[in-house]
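Q: Sequential numbering of the sequence shown, starting at 1, is according to the working numbering. Even glycine gets a Cβ: it sits at the ideal position worked out from N, Cα and C. Since the model is a prediction, treat every value here as computed from it, not as a measurement.
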Amino acid sequence: MKHFAQLFYDLDQTNKTNEKVEIIVNYLKKVPDEDKMWMLSLFTGRRPRRFVNSTLVRNWASEAAGVPLWLFEECYTIAGDLSETIALLLPEPSQESNFSLGYWINYIRLFEKKTEEERKQALLAAWDQMTAQERMVFNKITSSTFRVGVSQQLVVRALSIYSGHNPALLTHKLMGNWSPDTISFEELMHADGRKADTSQPYPFMLAYAIEGTVSDLGSPEEWQAEWKWDGIRSQLIKRDGQMFLWSRGEDLVTEKFPEFGLLMDKIPDGTVIDGEILPFKEGGVLSFNVLQTRIGRKNLTPAILRDAPVCIFAYDLLELEGEDLRERPLSERRRLLEQLIQERNLQPMIEPSPVLEYSDWDQLTEMRRNSRAMLSEGLMMKRKSSHYLVGRKKGDWWKWKIDPLSIDAVMTYAQRGTGKRANLYTDYTFGVWSGKQLVTFAKAYSGLTDKEINEVDNWVKRNTVEKYGPVRTVKPELVFEIGFEGIQRSKRHKSGVALRFPRILKWRKDKKIADADTVETLHQILDSYEKGDINELELPAAHTEEIAPPAKKTRSKSKND
Numbered sequence: 001m002k003h004f005a006q007l008f009y010d011l012d013q014t015n016k017t018n019e020k021v022e023i024i025v026n027y028l029k030k031v032p033d034e035d036k037m038w039m040l041s042l043f044t045g046r047r048p049r050r051f052v053n054s055t056l057v058r059n060w061a062s063e064a065a066g067v068p069l070w071l072f073e074e075c076y077t078i079a080g081d082l083s084e085t086i087a088l089l090l091p092e093p094s095q096e097s098n099f100s101l102g103y104w105i106n107y108i109r110l111f112e113k114k115t116e117e118e119r120k121q122a123l124l125a126a127w128d129q130m131t132a133q134e135r136m137v138f139n140k141i142t143s144s145t146f147r148v149g150v151s152q153q154l155v156v157r158a159l160s161i162y163s164g165h166n167p168a169l170l171t172h173k174l175m176g177n178w179s180p181d182t183i184s185f186e187e188l189m190h191a192d193g194r195k196a197d198t199s200q201p202y203p204f205m206l207a208y209a210i211e212g213t214v215s216d217l218g219s220p221e222e223w224q225a226e227w228k229w230d231g232i233r234s235q236l237i238k239r240d241g242q243m244f245l246w247s248r249g250e251d252l253v254t255e256k257f258p259e260f261g262l263l264m265d266k267i268p269d270g271t272v273i274d275g276e277i278l279p280f281k282e283g284g285v286l287s288f289n290v291l292q293t294r295i296g297r298k299n300l301t302p303a304i305l306r307d308a309p310v311c312i313f314a315y316d317l318l319e320l321e322g323e324d325l326r327e328r329p330l331s332e333r334r335r336l337l338e339q340l341i342q343e344r345n346l347q348p349m350i351e352p353s354p355v356l357e358y359s360d361w362d363q364l365t366e367m368r369r370n371s372r373a374m375l376s377e378g379l380m381m382k383r384k385s386s387h388y389l390v391g392r393k394k395g396d397w398w399k400w401k402i403d404p405l406s407i408d409a410v411m412t413y414a415q416r417g418t419g420k421r422a423n424l425y426t427d428y429t430f431g432v433w434s435g436k437q438l439v440t441f442a443k444a445y446s447g448l449t450d451k452e453i454n455e456v457d458n459w460v461k462r463n464t465v466e467k468y469g470p471v472r473t474v475k476p477e478l479v480f481e482i483g484f485e486g487i488q489r490s491k492r493h494k495s496g497v498a499l500r501f502p503r504i505l506k507w508r509k510d511k512k513i514a515d516a517d518t519v520e521t522l523h524q525i526l527d528s529y530e531k532g533d534i535n536e537l538e539l540p541a542a543h544t545e546e547i548a549p550p551a552k553k554t555r556s557k558s559k560n561d
């Protein structure tokens, strides 16, 4: 555990890629194979389940540290990280241990069968034999909040240097349904991936955003254009008489989409199809909002399956009759894909994602303007001669997204961030006008530069009206342009809407709060979005009613008052 805690600390101290790779390689050289596997498991998102809720952990830590709970919460607000707060407040350990990372993860997993009191005593015992650095990492693992600033690609690079294996092969080996309980480090490094795990998907090929103009890609004849669909990127796999469905996030989602089981007898063994799960009915794609009604549901009732039917819009054919097709050109893979769908009568459960016909870039640009009417996010550009590569590679696949929807809003609340931004107000809540009052409708924490964040933070501290724990009500003075990809009706929000992927596009220092938009504007965008005619939307004029004055500034009471 000491080695792993040091690994976590060392990685956190540098932003240099080569240094991070070297740190991971050195860790792999020091630890036993079991710890190598658990490191790979944690770094690729395979975390143990959480068996103790954070409220209990806070209470136990406060008691063990001899700190009143209100003061503990104040410390947490400043630190911005619960695991770090606990590690710093607890007294020095009375004993020392040299147990491995694998030992402590198995220790955590035994919590499942313990009573609440037994879990408390086990947690206190663990804290009492760890340094602050070890405690912090242990707490993150225990709470299933373990995050590390290292991409899987960087981990693969380090693993390649250590093992001597090809990075693309290692990326494939790390995909699929493995865990340190089911496969050893030696087996993971040397076994044929598909023999070790029949369900194993291929690493997804991803695209970069077009940086200049589409004409920079060269001749239009070299490129295949498709709609960029807004669904769940997935791979449908049929091997050894079994069907598997993997999401791009490496979640096995077969049981969540039982409809595709009807294809079991139609798809030949040794087939892997790359595509997008979309809500689809009567020959047309439905809004992503329809798909959201069944995401996360444990029980899929007949009504849900009826009201939110799905299909796979197929992009690519990666494997056919057990043969890996990824080294063949896209044009050939596409031909085989369409042939498979037609000959095996896979429609409407699997539809070939339409390839757009165009003669020049101007014509394609005009088609892109119609993206929202197609319920798409824009276009995908794929070089016809391209191989199916691992991850995001520049040159062959590009995404050409449409500009986000946007609305001007007033900041109403601010909250400190977490981690390195724990002392800065970086998480904001925004409102639009409903008559004379501001109604909150979205939260956002990305989009500002570091300079702007510091400027807003300073402003928040000088313009706080009320305090609610870590949240600050601020004077309604700052206007921001909020961008979002989608919008849907919501009974949970006062505004009646919920936004998809909201973020700050611009700090509108040129606007007064009277220039901010209204709830009516949001609902007009929603109506147009649902009808598919969002491109023709004409927004109403800015807010013109008399504005209610801000609430009187007050000071919150502390425990010492």
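Among Asn423, Glu481, Phe146 and Lys393, which has the Cα closest to the Cα of Pro404?
A: In the sequence shown, residue 404 corresponds to position 404, counting from 1. The shortest C-alpha separation from Pro404 is found at Glu481.
Q: Is Ser376 helix, strand or coil by DSSP?
A: Along the sequence shown, one-based indexing puts residue 376 at 376. Correct three-state label for Ser376: strand.
Q: Look at the alpha carbon of Asp251 and the alpha carbon of Lys461, and state the distance between them as a whole number of angstroms.
A: Mapped onto the sequence shown, residue 251 falls at position 251. Mapped onto the sequence shown, residue 461 falls at position 461. For Asp251 and Lys461, the distance between alpha carbons rounds to 42 Å.
Q: Closest by CA to Ile273, which one among Glu134, Arg248, Pro32 and Trp459?
A: The residue given as residue 273 occupies position 273 in the sequence shown. Measuring from the Cα of Ile273, the nearest candidate turns out to be Arg248.
Q: Just the Cα atoms here: how many angstroms apart are Ile402 and Arg335?
A: For the purposes of this step, residue 402 is identified with residue 402 of the sequence shown, where counting begins at 1. For the purposes of this step, residue 335 is identified with residue 335 of the sequence shown, where counting begins at 1. The alpha-carbon atoms of Ile402 and Arg335 are separated by roughly 28 Å.
Q: Of all the options Pro93, Glu117 and Arg147, which has the alpha carbon lying nearest to the alpha carbon of Ala126?
A: Here residue 126 corresponds to residue number 126 of the sequence shown, with the count starting at 1. For Ala126, the nearest C-alpha among the options comes from Pro93.
Q: Excluding the 5 residues flanking Arg109 on each side, which residues of the same chain have their C-beta closer than 6 Å to its C-beta?
A: Sequence index remark: in the sequence shown, residue 109 carries index 109 (1-based). The residues are Pro48.
Q: Below 8 Å CB to CB, which residues in the same chain sit around Thr473 once its five sequence neighbours on both sides are set aside?
A: Within the sequence shown, the letter at position 473 stands for residue 473. So the list reads Thr412, Tyr413, Thr464, Val465, Glu466, Lys467 and Ala551, once near-sequence residues are dropped.
Q: Which of the three DSSP states, helix, strand or coil, is assigned to Glu536?
A: Position 536 of the sequence shown, counted from the start, is the residue given in the question as residue 536. Since pLDDT at Glu536 reaches only 46, below the 50 mark, its modelled position is unreliable, and no value is offered.
Q: Starting from Tyr413, trace the beta strand (DSSP E) in both directions and tell me its first and last residue.
A: Start at 1 with the first residue of the sequence shown, and residue 413 comes out as number 413. Segment Leu405 to Arg416, the beta strand (DSSP E) holding Tyr413.
Q: Report all residues from its chain with a CB closer than 8 Å to the CB of Val156; omit the five preceding and five following residues, and keep chain order.
A: Reading the sequence shown from its first residue, position 156 is the one you call residue 156. Excluding residues within five positions, the ones whose Cβ falls inside 8 Å are Pro167, Leu170, Thr171 and Leu174.
Q: Helix, strand or coil: which one does DSSP assign to Val156?
A: Indexing the sequence shown from 1 puts residue 156 at position 156. Reduced to three states, the DSSP call for Val156 is helix.
Q: Do the CB positions of Asp396 and Ser386 come within less than 8 Å of each other?
A: In the sequence shown, residue 396 corresponds to position 396, counting from 1. In the sequence shown, residue 386 corresponds to position 386, counting from 1. Contact flag set, yes.
Q: Determine the direct distance from the alpha carbon of Trp223 to that of Lys384, and round the result to whole angstroms.
A: Numbered from 1 along the sequence shown, position 384 holds the residue referred to as residue 384. Numbered from 1 along the sequence shown, position 223 holds the residue referred to as residue 223. Lys384 and Trp223: Cα-Cα distance of roughly 5 Å.
Q: Tell me, to the nearest whole angstrom, how far the beta carbon of Asp457 is from that of Tyr425; I am working on the premise that it is less than 8 Å.
A: As a position in the sequence shown, residue 457 is number 457, starting the count at 1. As a position in the sequence shown, residue 425 is number 425, starting the count at 1. Yes, they are in contact, since the Cβ atoms of Asp457 and Tyr425 sit about 5 Å apart, within 8 Å.
Q: Just to confirm the assignment: which complete alpha helix (DSSP H) runs, minimum length 4, are found wholly within the region 325–408?
A: Listed in chain order, the complete alpha helix (DSSP H) runs (minimum 4 residues) inside the region 325–408 are 330–343 and 361–368.
Q: According to DSSP, is Ile312 part of a helix, a strand, or is it coil?
A: For this step, residue 312 is matched to residue 312 along the sequence shown. DSSP places Ile312 in strand when its eight states are reduced to three.
Q: Under the three-state reduction of DSSP, which class applies to Met205: helix, strand or coil?
A: The residue labelled residue 205 in the question sits at position 205 within the sequence shown. Strand at Met205.
Q: Among residues of its own chain, excluding the 5 on either side of Thr14, which ones have a beta-carbon nearer than 7 Å to its beta-carbon?
A: Numbered from 1 along the sequence shown, position 14 holds the residue referred to as residue 14. Result list for Thr14: Lys20, in chain order.
Q: Which whole runs of the beta strand (DSSP E) in the region 248–312 are 3 residues long or more, in chain order?
A: DSSP runs (the beta strand (DSSP E)) wholly in the region 248–312: 271–281.
Q: Which whole-angstrom value is the C-beta distance of Lys36 and Leu28, which I expect to be below 8 Å?
A: On the sequence shown, residue 36 is found 36 positions in, with the first residue counted as 1. On the sequence shown, residue 28 is found 28 positions in, with the first residue counted as 1. Indeed they touch by this definition, with Cβ atoms about 6 Å apart.
Q: My guess is that Ile277 and Ile237 are in contact by the Cβ rule of under 8 Å, so how many angstroms apart are they, rounded?
A: Along the sequence shown, one-based indexing puts residue 277 at 277. Along the sequence shown, one-based indexing puts residue 237 at 237. Contact flag wrong, Cβ pair sits at about 14 Å.
Q: Counting along the chain, where does the beta strand (DSSP E) carrying Leu90 start and finish?
A: By one-based count along the sequence shown, residue 90 stands at place 90. Element bounds for Leu90: n/a, residue is neither H nor E.
Q: Which residue wins for smallest C-alpha separation from Gln292, given the options Trp507, Arg500 and Gly149?
A: If you number the sequence shown from 1, residue 292 lands on position 292. Ranking the options by Cα distance to Gln292, first place goes to Arg500.
Q: Between the C-alpha atoms of Val137 and Ala5, what's the straight-line distance to the nearest angstrom?
A: Position 137 of the sequence shown, counting from 1, holds the residue named residue 137. Position 5 of the sequence shown, counting from 1, holds the residue named residue 5. Taking the straight line from one Cα to the other gives about 6 Å.
Q: Would you say Leu522 and Val432 are within 8 Å of each other, going by their C-beta atoms?
A: Translated into positions along the sequence shown, residue 522 becomes position 522. Translated into positions along the sequence shown, residue 432 becomes position 432. Yes.
Q: Would you mind working out which of Tyr208, Lys443 and Gly483 sits nearest Leu505, comparing C-alpha positions?
A: Residue numbering aside, residue 505 sits at position 505 when the sequence shown is read from its first letter. Selected option, being the one with the closest Cα: Gly483.
Q: As a quick exercise: from Gln235, Asn139 and Leu88, pick the residue whose alpha carbon is nearest that of Ile105.
A: Here the question's residue 105 lines up with position 105 in the sequence shown. Among Gln235, Asn139 and Leu88, the Cα nearest to that of Ile105 is on Asn139.
Q: In the DSSP assignment, what are the bridge partners of Arg503?
A: Taking the first residue of the sequence shown as position 1, residue 503 is located at position 503. In DSSP, Arg503 forms a bridge with Gly483.
Q: What are the boundary residues of the alpha helix (DSSP H) that Gln133 is part of?
A: In the sequence shown, residue 133 corresponds to position 133, counting from 1. Gln133 -> alpha helix (DSSP H) spans Ala132 to Thr142.
Q: Given a cut-off of 8 Å on the beta-carbon distance, is the pair Ala516 and Ala409 in contact?
A: As a first step, residue 516 is located in the sequence shown; it is residue number 516 there, counting from the start. As a first step, residue 409 is located in the sequence shown; it is residue number 409 there, counting from the start. Yes. Within cutoff.
Q: Using three-state DSSP, classify Glu38 as helix, strand or coil.
A: Walking along the sequence shown from the start, residue 38 turns up at place 38. What sits at residue 38 in the sequence shown is Trp, not Glu. In this structure, Trp38 counts as helix in the three-state DSSP scheme.
Q: Beta carbon of Gly176: closer than 7 Å to some heavy atom of the ligand COA?
A: Within the structure as shown, the ligand COA is missing, as the structure has no ligands at all.
Q: Can you tell me where the alpha helix (DSSP H) with Gly102 in it begins and where it stops?
A: As a working note, residue 102 is residue 102 in the sequence shown. That run of the alpha helix (DSSP H) goes Leu101 to Arg109.
Q: Of all the options Leu320, Lys256 and Lys281, which has the alpha carbon lying nearest to the alpha carbon of Gly296?
A: For the purposes of this step, residue 296 is taken as the residue at position 296 of the sequence shown. For the residues Leu320, Lys256 and Lys281, the minimum Cα distance to Gly296 belongs to Lys256.
Q: Determine the direct distance from the alpha carbon of Leu154 to that of Met374, and round the result to whole angstroms.
A: Along the sequence shown, read from residue 1 onward, the residue named residue 374 stands at position 374. Along the sequence shown, read from residue 1 onward, the residue named residue 154 stands at position 154. Using only the alpha carbons, I get a separation of about 37 Å.
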